[in-house]
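Chains A and B, in that order, are what the protein sequence lines are. Sequential numbering of the first sequence, starting at 0, is according to numbering that gives the first Met the number 0. Sequential numbering of the second sequence, starting at 0, is according to numbering that gives the first Met the number 0. For reference, the structure is listed below as structure tokens.
Protein chains: 2
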Amino acid sequence: MSPIPGLQRVGLLGGGVIGGGWAARFLLNGVDVQLYDPDPEAPRKVDEVMANARRAIGKLVMPALPPEGTLTFVDSPEAAATDVQFVQESAPERLELKQMLLRRASTAAGPDVVFGSSTSGLLPTLMQDGMTHPERLVVGHPFNPVYLLPLVEICGGEHTSQAARTRAGEVYEALGMHPLQLRKEIDGFVADRLLEALWREALWLVNDGVATAAEIDDAIRFGAGLRWSFMGTFLVYRIAGGEAGMRHFMAQFGPALKWPWTKLMDVPELTDELLDTIVEQSDDQAAGRSIRELEALRDDCLVAVMQGLRTADFGAGQVLDRYERQLFGRVPTPTIAPDHQGPLRLHEVRVPTDWVDYNGHMNDSRYFQLSSETVDRFLRVIGVDDAYLAGGHSWFTVESHMNFLAQAKAGDALYATVQVVSTDAKRMRVFTSMRRSDDDTEVATAEHMLLHVDTVADKACPADPAMQAVLADLAARHSHLPVPPQAGRSVGQSR
Amino acid sequence: MSPIPGLQRVGLLGGGVIGGGWAARFLLNGVDVQLYDPDPEAPRKVDEVMANARRAIGKLVMPALPPEGTLTFVDSPEAAATDVQFVQESAPERLELKQMLLRRASTAAGPDVVFGSSTSGLLPTLMQDGMTHPERLVVGHPFNPVYLLPLVEICGGEHTSQAARTRAGEVYEALGMHPLQLRKEIDGFVADRLLEALWREALWLVNDGVATAAEIDDAIRFGAGLRWSFMGTFLVYRIAGGEAGMRHFMAQFGPALKWPWTKLMDVPELTDELLDTIVEQSDDQAAGRSIRELEALRDDCLVAVMQGLRTADFGAGQVLDRYERQLFGRVPTPTIAPDHQGPLRLHEVRVPTDWVDYNGHMNDSRYFQLSSETVDRFLRVIGVDDAYLAGGHSWFTVESHMNFLAQAKAGDALYATVQVVSTDAKRMRVFTSMRRSDDDTEVATAEHMLLHVDTVADKACPADPAMQAVLADLAARHSHLPVPPQAGRSVGQSR
């Protein structure tokens, strides 16, 4: 039983990369699917897309997904469209084939069942020709991978009803997508026209030997492509225009339209009317936000995207990773002066915006993360490096205790220190103190017990003797420090 | 003293949006800057860019930045280029102006000081005309915001030496950028040609009333733009071609080049030679990775980018947030059956890849996060909702204790339960148990003391009486459960 009201079962026509992606969207949202594809390989292909989709969506969303819908392969377009509440067609881009499938399926579907077509560019008016109840056909054009990318362009033909457009939008939105309702019927719709223009110029660049495929891709993904993941060209250019706004930008870069900056020279005339239209639409889009606000929004998104890509270890994320290593490399490795007696100051952060929770304060789990990162740095100080890890040894945290003493907000500068409480051949007990950099206010403390492990045998073992000696030396130096009042506490113990 | 070897001080010509961005890149990396800009507003403008850059870079990188370099405004191009190791020119796009600045500055700079020009499209051969030592000029074309976007196109002119190209690449890389060395000198270089093609098509779409500026932007940022933040068009299309590869893709979509999918119809002929070139370059780019591997990489990047944008609460991040709320909404709010006696199962996750640390296991701080999220869900169960928070009340964690009992790996399904240990009007002590879903192995436990607070007065106060009653009822039901062995422990206490 699907958890989406009014969407229990859908019919799919075509089960290739796109049809399989639709199957995944519906099934993972708990909707049953009846799929028609004459290709005997279709079940295997859909299976492969489903495996990708399960993996990706499982990573993407935090809430548990509903139980998966049931996938049934059927042997005719009519069978696919029987007893369903929606039909999506994703056959190859041949008009006659799509017309045949839609015509046959529409005879079997209830009269108010809306049909979406995944075509990349064929006109809906041509496709609805011959359908029973043609007014219920829309183009619902998705992007690969369908199970992840939110965009779906909705385009009606001459006979399409407003009700069909609305219903299609509701269905796609229930699947977690962003439906874009188009105003006019046009070959290639909107998105593919933009992609096609860029693609044609890219082909010229390869054709003329100016750049290779990889270089052209780099010219996108390390620059404008990062911005395009959250802002389109119009908003980006509005920001580039600065306080003077969109009209200023157009005046400044309008002449470039006459320059040979692309081989695609058949450009529209920048009439006053076109300029007015662009300026007005750009104002609407900015919705009263100042350039400063838009700049901050753009920068926050770029930071988030690049940090995300660092997690994926690809593209601009690799550039960021390399840069951070450079920055780390320029700071001398923390060494401990032979006469140093106090706690070791090993970590500094500025609280990022996503460390803050609905109470407006740094989230408790982020203090744990800060302490954990500080202990990681301490491990580096005592000699845990790539070679030590590769040799099959590491330290694992087995028990921790934290006290939360004050609040930190986004942007606060914090630092953290480590004090060795006790140690033996296999164990160390360390205490971290997290403080505000400006006034030394202690915001949180943590105590961690770490066990030295043989990571191959997966059991405790003594640390390297040299490491033991470093630790024992530090413990001896810290034995003169008072034991912090939070060390050795159990939760709720009276003070 | 700059921490970058051989780069203590640089000269900048021009301090607008781009020049200011360069100033920020250099200064935040600890390099001193001498800036020439005749605009009396330049100091204010650079100041504004610096404020944006400090904020953004502080969020972007974890390591502490070096002490900022010193910014000095000077009154001539010659003064800017005196006693520096690098010069970057970012004047308005007028050839004569750039030529004058470069000519004058080059007389004052040491003979091996390399010059980069930020021009968006002017040819370096024209710009180096008249310079002292013209062989040291390259175009170093950055993208806005310069302090965040990694791409910089390096393009030499007829007289440019290889040494100058190499040195410019080193300088930009030391600033955390990705230098792209171009093979040929061409108007608009590579990136701007691609941008210009898309932009010209976008202007046609507005001109013809097909879509508004906001709709065109949406057609990018919810679809192809998300992919472009990490993969360019060639790699994306290779994946779309599936196992059959790039030649298959070109055969399938080649005909579309003849269709009116853009107004830019002057396309290159798909000769066998061009096809071979594209296929070969695409193979090089894939570097032996299979389509399945590329698909997984693409999906991981999309997940990372969308999750990043959710943090920034914009674009596809908003779509994801809405989808998650839909998913949460479709799961009935957890209610507790009147006769339920056991711990409350409130949370399930599949361990994301970025929860795993260098030991290959779920990081200790992520267990804390999981427990913290579970307690958040428990708070919702007892009546903490948006209205309660808006009314100036919440629960803050003041003390926590954790035991780490077993390992979890990326992809493992985990669930978490809550047991109420004790409660009074202002406090609750809860115990969470985190287990593997497949075999119920307990991987970690946590104990938290929470305090009920008046968030306006910022002090403890009794919870709402109805909430107290719900808590007392749960505590009474849980009073029959055994106290878990980990509850009440201090770190390192013997068992």
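Don't be surprised by glycine CBs; every beta carbon is placed ideally from N, CA and C. None of these values were measured; they are calculated from a predicted model.
In three-state DSSP terms, what is residue i?
i        : result
B:Met130 : coil
A:Leu148 : coil
A:Glu398 : strand
A:Cys154 : strand
A:Met230 : coil
A:Gly29  : coil
A:Pro178 : strand
B:Phe114 : strand
A:Phe248 : helix
A:Phe85  : strand
B:Gly10  : strand
A:Leu34  : strand
B:Ser105 : helix
B:Ile17  : helix
A:Thr211 : coil
A:Glu294 : helix
B:Ala90  : coil
B:Gln161 : helix
A:Thr124 : helix
B:Arg288 : coil
A:Gly168 : helix
A:Ser281 : helix
A:Ile219 : helix
What are the residues that DSSP puts in a beta bridge with residue i?
i        : result
A:Asn143 : According to DSSP, A:Asn143 bridges with nothing at all.
B:Phe403 : B:Ala443
B:Lys425 : Beta-bridge pairing links B:Lys425 to no other residue.
A:Asp485 : The amino acid occupying residue 485 of chain A in the given sequence is Gln; Asp does not appear at that position. In the DSSP output, where bridge partners are listed per residue, A:Gln485 has none listed.
B:Phe430 : B:Gln418, B:Glu446
B:Val138 : B:Ser116, B:Cys154
A:Leu413 : A:Val348, A:Arg435
A:Asp453 : A:His392, A:Lys458
Measuring CB atoms only, is the stretch 403-416 of chain A touching the stretch 452-469 of chain A, in the sense that at least three cross pairs come out at less than 8 Å?
no
To be precise: take each residue of the stretch 413-441 of chain B, compare its Cβ to all Cβ atoms of chain A, and keep it if any distance is under 7 Å. Which residues remain?
Arg428
Could you check whether the stretch 170-180 of chain A touches the stretch 95-110 of chain A, counting it as contact only if at least three pairs of C-beta atoms, one from each stretch, sit closer than 8 Å?
no
By the 9 Å beta-carbon criterion, what residues does the stretch 162-183 of chain B contribute toward chain A?
Glu172, Ala173, Leu174, Gly175, Met176, His177, Leu179, Gln180, Leu181, Arg182, Lys183
Please give me, in chain order, every unbroken run of the beta strand (DSSP E) with length at least 3 that falls completely inside the stretch 39-82 of chain B.
70-73
Touch test, the stretch 175-194 of chain B against the stretch 207-227 of chain B, Cβ-Cβ under 8 Å, three pairs minimum:
no
Does the stretch 105-123 of chain B come into contact with the stretch 154-168 of chain B, if we say contact requires no fewer than three beta-carbon pairs (one atom in each stretch) closer than 8 Å?
yes
Touch check for the stretch 41-50 of chain B and the stretch 75-93 of chain B: three-plus C-beta pairs under 8 Å?
no
Counting only runs that start and end within the stretch 339-393 of chain B, where is the beta strand (DSSP E) found for 3 or more residues in a row?
343-349
According to a CB-to-CB cut-off of less than 9 Å, which residues of the stretch 220-233 of chain A neighbour chain B?
Arg220, Phe221, Gly222, Ala223, Gly224, Leu225, Arg226, Trp227, Ser228, Phe229, Met230, Gly231, Thr232, Phe233
Check whether the stretch 359-372 of chain B and the stretch 363-372 of chain A are in contact - that is, three or more C-beta pairs closer than 8 Å.
yes
Relative to chain B, which residues along the stretch 107-136 of chain A have a C-beta separation below 7 Å, given in chain order?
Gly120
So, does the stretch 134-148 of chain A touch the stretch 17-27 of chain A, judging by three or more C-beta pairs under 8 Å?
yes
Within 7 Å of chain A by C-beta, residues of the stretch 25-45 of chain B in sequence order:
none
Sufficient close CB pairs (3 or more, under 8 Å) joining the stretch 79-90 of chain A to the stretch 0-14 of chain A:
yes
Give, in chain order, every residue of the stretch 287-310 of chain B whose Cβ lies closer than 9 Å to some Cβ of chain A.
Arg291, Glu294, Ala295, Leu296, Arg297, Asp298, Asp299, Cys300, Leu301, Val302, Ala303, Val304, Met305, Gln306, Gly307, Leu308, Arg309, Thr310
Closer than 7 Å between beta carbons: that is the criterion. Which residues of the stretch 196-207 of chain B meet it against chain A?
Ala196, Leu197, Trp198, Arg199, Glu200, Ala201, Leu202, Trp203, Leu204, Val205, Asn206
Three or more C-beta pairs below 8 Å linking the stretch 51-70 of chain A and the stretch 29-42 of chain A
yes
Residues in the stretch 50-65 of chain A with C-beta within 9 Å of chain B's C-beta atoms, listed in sequence order?
Asn51, Ala52, Arg54, Ala55, Ile56, Gly57, Lys58, Leu59, Val60, Met61, Pro62, Ala63, Leu64, Pro65
If you pair each beta-carbon of the stretch 242-249 of chain B with each one of the stretch 237-247 of chain A, do three or more pairs fall below 8 Å?
no
Across the stretch 429-442 of chain A and the stretch 371-388 of chain A, are there enough close Cβ pairs to call them in contact, namely three or more that are closer than 8 Å?
yes
Within 8 Å, do at least three Cβ pairs link the stretch 472-485 of chain A to the stretch 51-58 of chain B?
no
Evaluate the contact criterion for the stretch 268-280 of chain A versus the stretch 268-277 of chain B: three or more CB pairs, one atom per stretch, below 8 Å.
no
Mind the definition here: the stretch 304-323 of chain A touches the stretch 298-310 of chain B only if three or more C-beta pairs lie below 8 Å; say whether that holds.
yes
Which residues, in order along the stretch 4-26 of chain B, keep a beta-carbon less than 8 Å from a beta-carbon of chain A?
Val16
Could you tell me whether the stretch 389-406 of chain B touches the stretch 387-404 of chain A, using the rule of 3 or more Cβ pairs below 8 Å?
yes
Mind the definition here: the stretch 337-350 of chain A touches the stretch 409-426 of chain A only if three or more C-beta pairs lie below 8 Å; say whether that holds.
yes
Residues in the stretch 388-402 of chain A with C-beta within 8 Å of chain B's C-beta atoms, listed in sequence order?
Leu388, Ser393, Phe395, Thr396, Val397, Glu398, Ser399, His400, Met401, Asn402
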